[in-house]
Amino acid sequence: MREFITGNEAVAYAVKLCRTPLIAAYPITPQTGIYEKLSEWEASGEIKGIMMRTESEHSAMASCISASLTGVRTFTATSSQGLALMHEMLHFAAGCRVPVVMANVNRLLAAPWGFWADQLDSLSQRDTGWIQFYCENGQEALDTVIQSYRIAEQVYLPAMVCLEAFFVSHFMEPIDIPEQEEVDLFLPPFDLPHKFDIERPGFFVPVVPSELYRKYKHMAQASMDSVKEVSLRVDQEFKKMFGRGYGIIEPIMLEDAEVVIVTAGSITSTARITIKRLREGGKKVGLLKIRLFRPFPVEAIQETLKGKRKIAVIDRNISLGGGGIFCQELRAGMVHSSDHPLIYSYIAGVGGTDVTPEVIEKIVFDATRRNEPSDPPIWVME
Amino acid sequence: MKVYAESPELMIPISFESTEVIETGKWGFQKPYTTSMIAPCEEACPAGIPIATFIYLAGEGKFREALETILKENPFPGVCGRVCFHPCESVCNRNQYDEAVSVNPLERYVFDTTMDLSPKLNPAPNTDPKEIAIVGAGPAGLSCAYFLALLGHKVTLFEARKEPGGVLRWGIPEFRLPKQVLKKEIQRILGLGIELKTGVRVGKDLSIEALSQFDAVFLSPGASRGILLGIEDENLIKIWRGIDFLNRINSGEQVRPGKVVVVIGGGNTAMDVARSARRLGSSVTVAYRRTKKEMPAISDEIEEADQEGVRFEFLIQPVKIKLLKNRKIRIKFQRMRLRKSSQEKRPRPIPIKGSFVMMEADRLITAVGEGVDLSWIPQALIEKEFLKPMSSLWNGKTKVFAGGDAIEQHRSVVTAISSGKRAAISIDLSFTEMNPEEVFSNIRVGSKGALSMEAYLRGRQTGIWEEPKGVVFYDQINTLFFAPSERVKKRRIDPGKSLRGFSEVHSGLLPEEAEHSALRCFSCGTCNYCYNCYFFCPEGAVTLDPVNQIRTVDFQHCKGCGTCAKACPRNVVEMRREE
Amino acid sequence: MVLPEDQPNLLRPGHSACAGCGLAIGMKLVLQAMGRKTIAVIVPSCEGAIGGVYPNTSYGVPTFHSAFEIAAPTAAGIANALKILGKDEIQVVAFAGDGGTFDIGLQSLSGVAKNNDDILYVCLDNEAYMNTGIQVSSATPSFAWTGTTPRGNPGRKKNIMEIMAAHYNPYSATATIGFPQDLQHKIVKAKGIRGTKFIHMLVPCPTGWRTPPDLSPELSILAVETNIFPLYEVEGGRRYIINHEPRALPVQEYLLRQGRFKHLTQEQIQQIQMEVDEEWEKLKNRARKSSGKR
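Residue numbers (the working numbering), protein chains in the order written: chain A, 1 to 382; chain B, 1 to 579; chain C, 1 to 294.
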């Protein structure tokens, strides 16, 4: 079924298709579209379950974690300030190994105030132990939510599906909505080996000695690591069933590229057009889209960027004192590369500023003319 | 690195093992011990009735068990529940909080409710029963017979009159103690196999020497001779002795004392006489040489008499009686005043010279005390005008004991019962090698003379004598756990109506009143399963078993905080330091 | 009265509460009245310490040790999940301390009460942050000594029952360990009501209140009898029922037995007495006025 809907509505459709019975949320622009759509379906009975209208995002995540441990599939959605408020509980969710799926609409963090797209909110949470996907458009958001449930419920780690404020969340496109029967086949019923059991009463997540804490973290790291492989497999299965696949990274026109642009999210769509145009103009330039951010797909990236000497990472975020975060992760991943590529960090789109084809061209030209390493982030203003 | 046992498939730490393996009992340096103690009421009761226990059982609705508890120490709950002077209530700890517990009405209630039940009396097995004679089937004699039968001995009870009961049958009026009640109690006692021979007066129908065929003898002839006033003209027909007056009424005779009656005396006999005379149509004045405060009668009885229209004249003593031509008598009274004496317990009445009062009456009834008829008893057993309680008889073999009103002791029904019990134990001990003094000090209930038959039976059977327990005082009771409440007021027939006949005046407690009264008992020193220690233990280390009456504390986990001891309202838990 | 024959103790011995801990008594009584078909939520506080260190636990029901300020929504999540699974005969109880209820947890408790999620929330009030030492909270009474108010608390205790009544939740009640039958009766009553039930339980703390370890039940009785902590229920935020007629003892009977009030001056005691009397009058009025309502 094809519908002309926003990215937010697409996410809501995915949640409905996954038959998620417990949804806890708190409204925040620009997430409200998801919340309201789900409320509409709960009122009409199209969604069978309980919607918890909590008094804060922190409580929403708390409810999702405990509901998950009781044995039901859960969902929440938030953005920016709300995600920041949830921070404590994000760590807690990963520590409880619950497969909660959350949609985060990437919005800038105050102060000062604004509602525009910026990836810093979810990137600030990269240490919390959540799987993170960055979606290019509404269709991908819908499909990634469905895939995330499958992945999360296999490795028992929570997953975050990120879509940018307004550029994806409010942008309307024709979107393919899968059939319920197909999704039922794709997604097995929810189960959790460590849920509450009246017959065998235990004290869940007590105080533990250091060595035991380390052990559980070690086990969680192994599970997180396996996500790279698991999500690739799940994506391939999804493609087989629904006809659409995304991979965990996507190389575009990389074969003989002298400069590689690395993007995530909606900037990728603009970059596709720009790179095509530049190629038509004879420029040897390529594009790498990063979809899975946590765990960072180091091996796949190392493999894909073999032989490439100049890489320009575009970050719609700035970690003050550190630089663009995608670039940091990529540089760390490429540190042992025998090609010693020059990796430049470009900051574009912070605070929701528009990243136009001209901006991307500027970046390509700037990267082309540089021949020396340059560590600090390069801000690109229009 | 330590390895912890857990299921390999778990992803998060979950504790399944109980903390019970951690011995937190090692934290503390003191532990609670169950220490039962005696309540002051139990000490004050001459019969040593386990009052806290029977009230607890009554409160639980277990009336048969409550009756059996009382019967272990007192064969006359129905009688005492009506006529006892209840020293228990005077010392009740609850007096100092709001009002005393209604022990006496509860004793009566237990009897009344179980009238149709046959309680289990469990006489002890005895491989060498002795033959024992008892002279006088009054409260002391009947009690002695009862306890000897419980000890497995063979008892023959001689009673001079045609029916047993002594003062209970022939002295106390029907309106205080119905004959039905007495009959039931005596039946229960005789049901133990005691041989009763009525109409046999020892000294007349049977010589006292004939008693030497028995292994032991208990003399309890009672005090049935009214004491004379000691003034001239005393043997006039118009002057009756109170004890004879009551006797005649209790024999079913139609007695007519006359329109105006004066009673001399201030004790229970005087009250019984006055109230009986009222019922026979007389207007009655009681003349007493001291004041109301010093009257030895039970205060309830004085109040009853007052309500029934008996007039009281205090501080007068009769000095002369003259028979008048109109067949009345004129009594001349000397006015008295009280002089406090440091040596004597009660103030002395001193005549006020020249001050007199005259009264005219149809009858003068004296109730100034009863003497004992000792004419039939060998001199060796008499000291002053009282029997010596323990001695051996003429042939050197038969042991002789004495008790009741005939020996020198406070005169009341329960004291008589107590002396019967003491004699029964003494008799039993005299056939063993045990040291009576030692035994008595082990079985005592407090320090006022009461003895525990149950403790005696246990020690006699097992050879184990427990340390006698101490008494719990008011400051050891944790009154915070009790809400203030009132005692149930005694209900009685309207005084006007009650004078029409000799029907019982008081009607006893209603079931809800009995429950209320039972729940007011502090249960000093006896655990009544209030479950405070169980609820208030932070470790959950206390277990209670009310069925088997056991309290256990898990010392492996008890941290010795002392909360159970502090929160026990009745001082049953004591903290002791551990080494 | 829930006796051991009906329901065993579900707070097993061997836990690390201080000797004489009133909170342990309170939790034990609540869990016993709740029964085995219960899932409990614990937060970091003394009850977290009582729970035990891995691999041992003193709780006889499945228990979840969640974060500090979210006892209520955590419990609400479980309750809603149980409803979805069709297992809503299993009760959910959230335990939090006074800090986790009056201070940091107030917002999330309010959110849950607004939604009327089906949980029983028990606030174990020992009137300060005791697990972390002894620090003042907004449940600490006036003038009390704590580690962070060494000259006496300048603040006044919040009236949490009135805050909850303002949410119109179906059932709230005060309870304390000195009245165990009343406490357990209220728990059993709450079990039978759907919606957010709130119990404000006063649990004396010998360590923090500076009292000997054996006094906790008596202090809680005195708190009730001096009107400092009246026993009452609120139904629907509108109907007030007073459960116990107090003996109206003077507040000194309660205050001066505790080390944390030892330094009180006469004026302070009088002020406390005045405040207590005023609140008691207000409560009686509410009870009187609402006695006809349902």
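For each residue, glycine too, the CB sits at the ideal point set by N, CA and C.
Beta strand (DSSP E) segments (min. 3 residues) lying fully within the segment 129 to 184 of chain A: Considered as a whole, the segment 129 to 184 of chain A harbours 131 to 134, 159 to 164, 172 to 176 as its complete beta strand (DSSP E) runs of no fewer than 3 residues, in chain order.
Taking 7 angstroms as the line, does the beta carbon of residue 173 of chain C fall inside it for any heavy atom of the ligand FMN? Absent from the structure shown: the ligand FMN. Ligands present: none.
Here's the rule: buried if 16 or more other CB atoms are within 10 angstroms of the residue's CB, otherwise exposed. What is residue 1 of chain C? Sequence index remark: in the third sequence, residue 1 of chain C carries index 1 (1-based). Residue 1 of chain C should be labelled exposed.
So if I threshold CB-CB distances at 8 angstroms, which residues from the segment 43 to 59 of chain A count as touching chain C? Listed in chain order, the positions of the segment 43 to 59 of chain A with a beta carbon within less than 8 angstroms of a beta carbon of chain C are 49, 50, 52, 53, 54, 55, 56, 58, 59.
Beta carbon proximity, residue 204 of chain A to chain B, threshold 8 angstroms: Your numbering for residue 204 of chain A matches position 204 in the first sequence. Yes, residue 204 of chain A lies at the interface with chain B (some Cβ there is under 8 angstroms from its Cβ).
Just the chain B side, please: which residues come within less than 9 angstroms of residue 29 of chain C by C-beta, in chain order? Here residue 29 of chain C refers to the residue found at position 29 of the third sequence. The contacting residues are 535.
Cα-Cα separation, residue 62 of chain B to residue 55 of chain B: Here residue 62 of chain B refers to the residue found at position 62 of the second sequence. Here residue 55 of chain B refers to the residue found at position 55 of the second sequence. Straight through space, the alpha carbons of residue 55 of chain B and residue 62 of chain B are spaced by roughly 10 angstroms.
Anything in the segment 98 to 132 of chain A with a Cβ closer than 8 angstroms to a Cβ of chain B? List those residues in chain order, please. Those would be none; no residue qualifies.
Can you name the start and end residues of the beta strand (DSSP E) that residue 235 of chain C belongs to? The count along the third sequence starts at 1 and reaches residue 235 of chain C at position 235. The continuous beta strand (DSSP E) containing residue 235 of chain C extends over residues 232 to 235.
Would you call the CB atoms of residue 564 of chain B and residue 13 of chain B closer than 8 angstroms? As a first step, residue 564 of chain B is located in the second sequence; it is residue number 564 there, counting from the start. As a first step, residue 13 of chain B is located in the second sequence; it is residue number 13 there, counting from the start. By the CB criterion at 8 angstroms, residue 564 of chain B and residue 13 of chain B fall outside the cutoff.
Using 8 angstroms as the threshold, is the C-beta distance between residue 220 of chain B and residue 171 of chain B below it? The residue you call residue 220 of chain B lines up with position 220 of the second sequence. The residue you call residue 171 of chain B lines up with position 171 of the second sequence. Not in contact: residue 220 of chain B and residue 171 of chain B (Cβ atoms no closer than 8 angstroms).
Contacts around residue 184 of chain B, its chain only, beta-carbon distance under 8 angstroms, and the 5 residues preceding and following it disregarded: Counted from its first residue, the second sequence places residue 184 of chain B at position 184. Correct list, in chain order: 78, 115.
For the alpha helix (DSSP H) that residue 405 of chain A lies in, which residues bound it at each end? This structure does not reach residue 405 of chain A, given that chain A is present from 1 up to 382, and the question cannot be answered.
Cutoff 6 angstroms; reference residue 12 of chain A; Cβ partners in own chain excluding five residues on either side: The count along the first sequence starts at 1 and reaches residue 12 of chain A at position 12. If you ignore the 5 residues before and after residue 12 of chain A, its C-beta comes within less than 6 angstroms of the C-beta of 34, 37, 38, all in its own chain and listed in chain order.
Using the beta-carbon of each residue, which ones in chain B are nearer than 7 angstroms to residue 19 of chain C? The residue labelled residue 19 of chain C in the question sits at position 19 within the third sequence. Among the residues of chain B, those whose CB is under 7 angstroms from the CB of residue 19 of chain C are 27, 28, 559, 560, 561, following chain order.
Unbroken beta strand (DSSP E) runs of length 3 or more, entirely within the segment 393 to 425 of chain B: which are they? 399 to 402, all fully within the segment 393 to 425 of chain B.
Specify the secondary structure class of residue 240 of chain B as computed by DSSP and reduced to three states. Numbered from 1 along the second sequence, position 240 holds the residue referred to as residue 240 of chain B. The DSSP-derived three-state label of residue 240 of chain B is strand.
Beta-carbon proximity of residue 42 of chain C to residue 64 of chain C, cut-off 8 angstroms: Looking up residue 42 of chain C in the third sequence gives position 42. Looking up residue 64 of chain C in the third sequence gives position 64. Contact: yes.
In terms of DSSP beta bridges, what is residue 349 of chain B paired with? Counting from one through the second sequence, the residue named residue 349 of chain B turns up at place 349. Residue 349 of chain B is bridged to B:338.
Extent of the continuous beta strand (DSSP E) run through residue 77 of chain A: Residue mapping note: residue 77 of chain A aligns to position 77 of the first sequence, counting from 1. Note, residue 77 of chain A: beta strand (DSSP E), 74 to 79.
Between which two residues does the beta strand (DSSP E) carrying residue 131 of chain B extend? Position 131 of the second sequence, counting from 1, holds the residue named residue 131 of chain B. Membership of residue 131 of chain B in the beta strand (DSSP E) is indicated by the continuous run 131 to 135.
Between which residues of its own chain and residue 291 of chain C is the CB-CB distance below 6 angstroms, once the five residues before and five after are set aside? Sequence index remark: in the third sequence, residue 291 of chain C carries index 291 (1-based). There are no such residues.
Inter-residue Cα distance where the pair is residue 163 of chain A and residue 134 of chain A: To locate residue 163 of chain A, count along the first sequence from 1; it is residue 163. To locate residue 134 of chain A, count along the first sequence from 1; it is residue 134. Spanning the two alpha carbons is a distance of roughly 6 angstroms.
Kindly indicate which residue of B:325, B:286, B:318, B:544 has the alpha-carbon position closest to the one of residue 306 of chain B. For the purposes of this step, residue 306 of chain B is taken as residue 306 along the second sequence, with counting starting at 1. Per the C-alpha coordinates, the member of B:325, B:286, B:318, B:544 positioned closest to residue 306 of chain B is B:286.
Could you check the C-alpha separation between residue 236 of chain B and residue 179 of chain B for me, to the nearest Å? On the second sequence, position 236 is the one that residue 236 of chain B refers to. On the second sequence, position 179 is the one that residue 179 of chain B refers to. Each residue's Cα considered, the two are about 32 angstroms apart.
Check the Cβ of residue 20 of chain B against every Cβ in chain C and list those closer than 9 angstroms, keeping chain order. Here residue 20 of chain B refers to the residue found at position 20 of the second sequence. Chain C residues near residue 20 of chain B: 12, 13, 14, 56, 58.
Quick one: list the residues of chain A neighbouring residue 7 of chain C, beta-carbon separation under 9 angstroms, in chain order. If you number the third sequence from 1, residue 7 of chain C lands on position 7. Correct list: empty, because the minimum Cβ distance to chain A is about 14 angstroms.
Please report how far the alpha carbon of residue 371 of chain B lies from the alpha carbon of residue 128 of chain B, in whole angstroms. Taking the first residue of the second sequence as 1, we reach residue 371 of chain B at position 371. Taking the first residue of the second sequence as 1, we reach residue 128 of chain B at position 128. Straight-line Cα distance between these residues: approximately 38 angstroms.
With 8 angstroms set as the bound, which would you pick, yes or no: does the beta-carbon of residue 16 of chain B sit closer than that to a beta-carbon of chain A? The sequence position of residue 16 of chain B within the second sequence is 16, counting from 1. Chain A, which has a Cβ nearer than 8 angstroms to the Cβ of residue 16 of chain B, makes this yes.
Looking at the strands, I want to know which residues DSSP matches up with residue 83 of chain B. One-based indexing of the second sequence puts residue 83 of chain B at position 83. Within the DSSP secondary-structure output, residue 83 of chain B pairs in no beta bridge.
Going by DSSP in three states, residue 67 of chain A sits in which element: helix, strand or coil? The residue given as residue 67 of chain A occupies position 67 in the first sequence. Under the three-state reduction of DSSP, residue 67 of chain A is assigned to helix.
From the DSSP output, which residues share a beta bridge with residue 216 of chain B? As a working note, residue 216 of chain B is residue 216 in the second sequence. For residue 216 of chain B, which the question treats as bridged, DSSP gives the partners B:132, B:399.
From B:483, B:414, B:466, B:427, residue whose alpha carbon lies closest to that of residue 449 of chain B: In the second sequence, the residue the question calls residue 449 of chain B occupies position 449. Per the Cα distances, B:414.
For a contact defined as C-beta to C-beta under 8 angstroms, what are the partners of residue 39 of chain C on chain A? Position 39 of the third sequence, counting from 1, holds the residue named residue 39 of chain C. Result: 70, 196, 198.
Give a yes or no on whether 8 angstroms exceeds the smallest Cβ distance from residue 566 of chain B to chain A. Numbered from 1 along the second sequence, position 566 holds the residue referred to as residue 566 of chain B. Residue 566 of chain B does not count as touching chain A.
Does the CB of residue 63 of chain A have a neighbour CB from chain D at under 8 angstroms? The chain labelled as chain D is not found among the protein chains of the depicted structure, namely A, B and C.
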